[in-house]
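Okay, structure first, notes after.
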Amino acid sequence: MDIIVEKLIKSYGLQKAVDNISFKVKTGEILGFLGPNGAGKTTTMKAISTFLIPDSGNIFVGNYSVTKNAEDVKQNIGYLPENNPLYEDMPVIDYLKFVGELQGISKDGIYDSLLNVIDTCGLEAEKHKKISELSKGYKQRVGLAQALIHNPEVLILDEPTTGLDPNQIVEIRDLIRQIGKEKTVILSSHILAEVEATCDRILIINKGKIVADDTTIDLRKQAQGNDIVNVKVEGGDINEIYEELKNLPGALIVDIVDSENYRFQIDSVPKSSIAKSVFNACVRNNWVLTELIPIETKLEDIFKELTTE
Amino acid sequence: MTKIWIITKRELQSYFDSLMAYILLILFLGFSGFFTWLYGSDIFFIKQATLMPFFNIAYWTLFFFIPALTMRLLSEENRMGTIELLLTKPVSNWQVVVAKYLASLLLIIIAFLLTTPYIISVSSMGNLDMGQVFSGYLALVLFSSMMIGIGLFTSSIGSNQIVSYLLALFIGIFFQVIFQMLGQGLVGLSGHILDYLSTVSHFESMIRGVIDSRDVIFFAGITFLSLVFAEIMLIKKRFA
Chain A
1 MDIIVEKLIK SYGLQKAVDN ISFKVKTGEI LGFLGPNGAG KTTTMKAIST
51 FLIPDSGNIF VGNYSVTKNA EDVKQNIGYL PENNPLYEDM PVIDYLKFVG
101 ELQGISKDGI YDSLLNVIDT CGLEAEKHKK ISELSKGYKQ RVGLAQALIH
151 NPEVLILDEP TTGLDPNQIV EIRDLIRQIG KEKTVILSSH ILAEVEATCD
201 RILIINKGKI VADDTTIDLR KQAQGNDIVN VKVEGGDINE IYEELKNLPG
251 ALIVDIVDSE NYRFQIDSVP KSSIAKSVFN ACVRNNWVLT ELIPIETKLE
301 DIFKELTTE
Chain B
1001 MTKIWIITKR ELQSYFDSLM AYILLILFLG FSGFFTWLYG SDIFFIKQAT
1051 LMPFFNIAYW TLFFFIPALT MRLLSEENRM GTIELLLTKP VSNWQVVVAK
1101 YLASLLLIII AFLLTTPYII SVSSMGNLDM GQVFSGYLAL VLFSSMMIGI
1151 GLFTSSIGSN QIVSYLLALF IGIFFQVIFQ MLGQGLVGLS GHILDYLSTV
1201 SHFESMIRGV IDSRDVIFFA GITFLSLVFA EIMLIKKRFA
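Residue numbers (the numbering used here), protein chains in the order written: chain A, 1 to 309; chain B, 1001 to 1240.
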């Protein structure tokens, strides 16, 4: 099921939280929603989940509109809200059964569905515990399980990995990727590495407007300028080394980062195989190359560039 | 209807799991039992086989207890954010409100069922008018229903349980006392309207055994209006 957001506008008082956003997510795609705090990520997701009613614009989930066919939309989406609210006084299995019944799963089907999500989300050992007794990671799994119980076509996950430890983050990510193969998934995060690791496509939003919408690879390419390497060369005079490096073919700017430890940063023309030239220069002069670190343009830099004035 | 029942069932379960239900039942039975049988103008004092003392005590007991029962129904959902989960499931705002109303009402009805020994005891002492007993219990159910409606509405306003409790008492006291007092001082239409809005006259005629449609409509009307207001508060949140 595709999700189509059309000219969505939503204000809180005078402040426009979401300002005329349009985008489309195709079936089988995992879309990462990035943006600084207060950019409008949660508002957009709340609108897709039918919880918030937009000021103007429309959202379609499949052929259903959130304003006209809210019940059908609700039937087809699984939603994990921000901060993962749960009825803490209920045991896990009772809670999941309650959600399953609300989603209209029949009496015959409910136990299969329960076993299924408990298995997928790894809740087998915890299923009889009260939700309030669970650790944050397991609560998050319960949140995910309740979103998955009716096997929805569309998943809306608002910051699914906040507060988890690194191992749990990896597990939840794997889970999302696995689920995302046949479903449409939108997930928000402000952890860039996470979005990069999980999503096919990234949408960066700032102050209620979309500032970038591309695949991770293309976004990287777009921001990539010069190839940068950090090198450490020992066994020679620092000025000699500096001169030699500066005269290498392809080298644009050479900086002495740390003169005591003979560290340099070299900006070079892309694809000029600067590493090879550095190595050859060292061999020629009998210097020892002890470090050579290529610096990648990080998604962080793109993010920073797009979301600050 | 099944959706409503699913939520009602959960709420009832939650009442019993959190001990709220047991505390309420014990307090209600203890309180009304004490004043009905042991203290003040109790049943033995008036030397008549009637449950009037019980109905009068229960009237005030319920007034203070019901807001305690309803105060967390929606305010807690607002505070925890679970309302967002609930309303993004295939249920309507109205279904949520009605389901929560029914859960409280069922608990109150359970409390009333536990007072059947009162009926048996009194009827063994003299000639108890069963019609009056029925009418009295109906009055209690209707009055409870109205208080639950008001409590549910005040619970829907914010995310603080205490505020919800106090606000319900504040609104309730208008119907209990203030409208009646104001109505006595006024003549003409406004006097009549205020008099009609006071619960006391409706309640008293019902516990005497008179079931008048005007009284039933009064309680049902206030209940319905309160539930509509609660629903409006839920809808308002989605436009915020």
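In this text, a Cβ means the ideal position worked out from N, Cα and C, and glycines have one as well. Here the structure is a predicted model, which is why all the values come from computation and not from measurement.
* Is Gly62(A) close to chain B, meaning its C-beta is less than 8 angstroms from at least one C-beta of that chain? -> no
* To do: Tell me where the beta strand (DSSP E) around Pro294(A) begins and ends.
  => Val288 to Ile295
* Asked: Thr161(A) CB to nearest chain B CB: under 8 angstroms?
  -> no
* Enumerated in chain order, which unbroken segments of the beta strand (DSSP E) with a length of 3 residues or greater are wholly contained in the segment 66-115 of chain A? -> 77-80
* Asked: Using a beta-carbon distance cut-off of less than 8 angstroms, what residues from the segment 49-79 of chain A approach chain B?
  -> Ser49, Thr50, Phe51, Leu52, Ile53, Glu71, Lys74, Gln75, Ile77 and Tyr79
* Asked: DSSP three-state call for Asp1129(B): helix, strand or coil?
  -> coil
* To do: Name the residue from Gln178(A), Gly100(A) and Leu289(A) whose alpha carbon lies nearest to the alpha carbon of Leu245(A).
  => Leu289(A)
* To do: Could you please give the first and the last residue of the uninterrupted beta strand (DSSP E) stretch that includes Arg201(A)?
  => Arg201 to Asn206
* Contact list for Ser1018(B) against chain A, beta-carbon separation under 9 angstroms -> Asp89
* Nearest-angstrom Cα distance between Gly28(A) and Glu1076(B)? -> 37 angstroms
* To do: Indicate the three-state DSSP secondary structure (helix, strand or coil) for Asn58(A) in the structure shown.
  => strand
* Asked: From which residue to which residue does the beta strand (DSSP E) around Ile3(A) run?
  -> Ile3 to Tyr12
* **Expected contact under 8 angstroms - CB spacing of Ala1139(B) and Phe1218(B) to nearest Å** => Actually they do not touch by this definition, with Cβ atoms about 11 angstroms apart.
* Taking 8 angstroms as the cut-off, decide whether the C-beta atoms of Asp2(A) and Lys16(A) are in contact. => no
* **Cβ neighbour criterion (16 or more within 10 Å) applied to Phe1045(B)** => exposed
* Look at the alpha carbon of Pro160(A) and the alpha carbon of Ile191(A), and state the distance between them as a whole number of angstroms. => 11 angstroms
* **Integer-rounded CB distance, given that Leu1086(B) should sit under 8 angstroms from Leu1152(B)** => Going by Cβ atoms, the distance from Leu1152(B) to Leu1086(B) rounds to 14 angstroms, so no, they are not a contact pair.
* **Interfacial residues, the segment 11-25 of chain A to chain B, with Cβ spacing under 8 angstroms** => Tyr12
* Indicate whether Ser1155(B) and Leu1234(B) have their beta-carbon atoms separated by less than 8 angstroms. => no
* Could you tell me whether the Cβ of Gln322(A) comes closer than 8 angstroms to any Cβ of chain B? => An answer regarding residue 322(A) cannot be provided, because it is not within the stretch 1 to 309 covered by chain A.
* Rounded to the nearest angstrom, how far is the Cβ of Phe51(A) from that of Ile4(A), given a contact under 8 angstroms? -> Contact doesn't hold; Cβ gap of about 18 angstroms is too wide.
* Excluding the 5 residues preceding and the 5 following Phe264(A) in the sequence, name in chain order all residues of the same chain whose CB lies nearer than 8 angstroms to its CB. => Asn230, Val231, Lys232, Val233, Ile241, Tyr242, Leu245, Val254, Asp255, Ile256 and Val257
* For Ile118(A), which three-state DSSP category applies? -> helix
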